[in-house]
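Undergrad:
In this note's numbering, the protein residues as written are 43 to 275.
And the structure:
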């Protein structure tokens with residue numbers, strides 16, 4: 043049984059998927075509730091309201107951030123599935139190419155064996171009739187010429203087969219290069235999108251933390267009694 047690699051994507055995608063995890067540090071129960079509820083809600087506000095009705099301890103901000111994370115997670119998982127499908131298709135293609143090659147080689151061997159047997163048979167007949175009349179000797183020369191023609195036909199057939207194989211290999215190589223280039227382009231675009239999303243998320247969190255810190259500082263600012271200040275003047 044052939045073992046399919048666990049991940050067939052780029053190392054950067056692997057690291058990113060492992061870094062974000064499978065539940066975004068939510069408990070399994072809360073995450074499963076999120077997934078089930080998400081399937082029933084068409085909008086983010088509806089999702090937030092539905093989850094908070096069952097888990098009041100989850101803030102709207104936490105649920106919205108989990109939704110953003112889950113979209114990235116689904117994108118990476120879909121890429122994994124796509125890569126596995128492509129890997130299986132390529133393996134099937136390789137298997138078919140090997141089978142076709144074996145069939146062609148077997149056909150060539152059978153053709154060569156039959157041709158050699160036919161040539162040897164005619165050569166033996168020509169040798170046994172060597173003592174016969176001049177007309178018979180002339181016929182033997184014709185048989186030898188026929189054998190030479192068959193050898194030439196076999197040589198030409200092999201050349202045509204080799205040329206065909208070379209052309210098919212070049213076409214297959216160009217097709218594979220084109221597929222790899224397209225995959226690389228899609229990978230870079232997807233990675234750029236994910237990195238931009240994560241960067242925006244981190245910037246938003248830093249901004250929120252900074253705003254909260256400013257509010258805390260303003261609340262703890264000391265207040266002085268105007269009468270006390272006046273007494274020192």
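Here a beta-carbon is modelled for each residue, glycine too, at the ideal position from N, C-alpha and C.
1) Helix, strand or coil: how does DSSP classify residue 43 here?
2) Among 203, 232, 83, whose alpha-carbon lies nearest the alpha-carbon of residue 9?
3) In this structure, does DSSP put residue 68 in helix, strand or coil?
4) Should the segment 125-134 be regarded as contacting the segment 203-217, the criterion being three or more beta carbon pairs within less than 8 Å?
5) Go through its chain and collect everything with a Cβ distance to residue 66's Cβ below 6 Å, but skip five positions before and after it.
6) Just to confirm the assignment, what range does the alpha helix (DSSP H) spanning residue 86 have?
7) Please classify residue 90: is it buried, with 16 or more other beta-carbons within 10 angstroms of its beta-carbon, or exposed?
8) Measuring CB to CB, does residue 97 end up less than 8 Å from residue 72?
9) Apart from the five residues just before and just after residue 102, which ones in its own chain have a Cβ nearer than 8 Å to its Cβ?
TA: In this structure, then:
1) Position 1 of the chain shown holds residue 43. Confidence at residue 43 is low in this model, with a pLDDT of 36, below 50, so the placement of that residue should be treated as unreliable; the coordinate-derived value is given next. Three-state result, residue 43: coil.
2) Since the first residue shown for the chain is 43 and the last is 275, residue 9 is missing from the structure and cannot be characterised.
3) Against the chain shown, residue 68 aligns to sequence position 26. In the three-state reduction of the DSSP assignment, residue 68 falls in the coil class.
4) No: the two stretches stay apart, fewer than three of their Cβ pairs being nearer than 8 Å.
5) The residue given as residue 66 occupies position 24 in the chain shown. Within the same chain, residue 66 has close Cβ partners 108, 111.
6) On the chain shown, residue 86 is found 44 positions in, with the first residue counted as 1. Here the alpha helix (DSSP H) through residue 86 covers 86-96.
7) Start at 1 with the first residue of the chain shown, and residue 90 comes out as number 48. When all chains shown are included, residue 90 counts as buried.
8) Within the chain shown, residue 97 is the residue found at index 55, counting from 1. Within the chain shown, residue 72 is the residue found at index 30, counting from 1. Cβ atoms of residue 97 and residue 72: closer than 8 Å.
9) Taking the first residue of the chain shown as position 1, residue 102 is located at position 60. Once the five neighbours on either side are set aside, the close Cβ partners of residue 102 are 90, 94.
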